[in-house]
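Asks:
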Amino acid sequence: MAIKRINFQSIPIEDQDRAIAFYKDHLGFEVQVDAPYMDGWRWIFMTLPRAETRLHFAKTSEMSFTDTPALCLVSDDVDADAVRFKKSGIEITNGPDDAPWAPGTRWLMIRDSENNLILLESFKEAPHG
Numbered sequence: 012m013a014i015k016r017i018n019f020q021s022i023p024i025e026d027q028d029r030a031i032a033f034y035k036d037h038l039g040f041e042v043q044v045d046a047p048y049m050d051g052w053r054w055i056f057m058t059l060p061r062a063e064t065r066l067h068f069a070k071t072s073e074m075s076f077t078d079t080p081a082l083c084l085v086s087d088d089v090d091a092d093a094v095r096f097k098k099s100g101i102e103i104t105n106g107p108d109d110a111p112w113a114p115g116t117r118w119l120m121i122r123d124s125e126n127n128l129i130l131l132e133s134f135k136e137a138p139h140g
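Position 93 (the sequence shown) corresponds to 104 in the numbering used here; numbering is contiguous.
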């Protein structure tokens with residue numbers, strides 16, 4: 012068996028257009044698929060440039076995360092992200108701070124437009140030599 016990657020991660024949302032705007036405008040995702048599905052709902056996949064793993068929007072009634080991040084992302088600089096998020100009015104729930112679980116890692120927790128927690132982490136480069 013040779014598993015290559017995660018195809019997609021579903022996160023719960025209520026408003027598809029609001030979620031698309033949040034993930035595009037604040038996190039840099041692009042819409043890959045936006046097609047009719049059923050009962051006025053759309054089948055939506057979003058992706059980051061140059062990434063293979065996709066994000067799927069599911070109805071909140073089908074799944075829920077309360078105190079656990081619905082999504083974990085890697086960032087170049089969570090401290091810079093925190094400044095940008097604050098200016099945009101995005102709720103920062105924790106951090107930025109040093110991660111006790113991984114030396115050299117910084118982390119930040121935010122809420123998206125649908126009240127999901129998102130964890131962002133930045134990793135310092137390993138020393139050369």
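Quick reminder that beta carbons are idealized off the backbone N, C-alpha and C, glycines included. Bear in mind the structure is a predicted one, so any value in this text is a computation, not a measurement.
Can you tell me which residues form a DSSP beta bridge with Trp118?
Replies: Taking the sequence shown and counting its residues from 1, one reaches residue 118 at position 107. Asp108 and Glu132.
Asks: Exposed or buried, Phe68, counting other C-beta atoms within 10 Å across all chains shown (16 or more means buried)?
Replies: Here residue 68 is taken as the residue at index 57 of the sequence shown, counted from 1. It is buried - the Cβ of Phe68 has at least 16 other Cβ atoms within 10 Å.
Asks: Just to confirm, is the Cβ distance from Phe19 to Arg61 under 8 Å?
Replies: The residue given as residue 19 occupies position 8 in the sequence shown. The residue given as residue 61 occupies position 50 in the sequence shown. Against a cut-off of 8 Å, the Cβ pair of Arg61 and Phe19 comes out as no contact.
Asks: Beta-carbon within less than 7 Å of Lys97's beta-carbon, same chain only, minus the 5 sequence neighbours each way: which residues are those?
Replies: Here residue 97 refers to the residue found at position 86 of the sequence shown. For Lys97, where only same-chain residues beyond five positions count, the Cβ hits under 7 Å are Ile103.
Asks: So the alpha helix (DSSP H) Ser99 belongs to, where does it begin and stop?
Replies: Taking the sequence shown and counting its residues from 1, one reaches residue 99 at position 88. Here the alpha helix (DSSP H) through Ser99 covers Val89 to Ser99.
Asks: May I ask you to report which of helix, strand or coil DSSP gives Arg61?
Replies: If you number the sequence shown from 1, residue 61 lands on position 50. Residue state, collapsed to three classes: coil.
Asks: With 16 other CB atoms within 10 Å as the buried threshold, where does Gly106 fall?
Replies: Residue numbering aside, residue 106 sits at position 95 when the sequence shown is read from its first letter. Residue environment analysis places Gly106 among the buried positions, since at least 16 neighbouring C-beta atoms fall within 10 angstroms of its C-beta.
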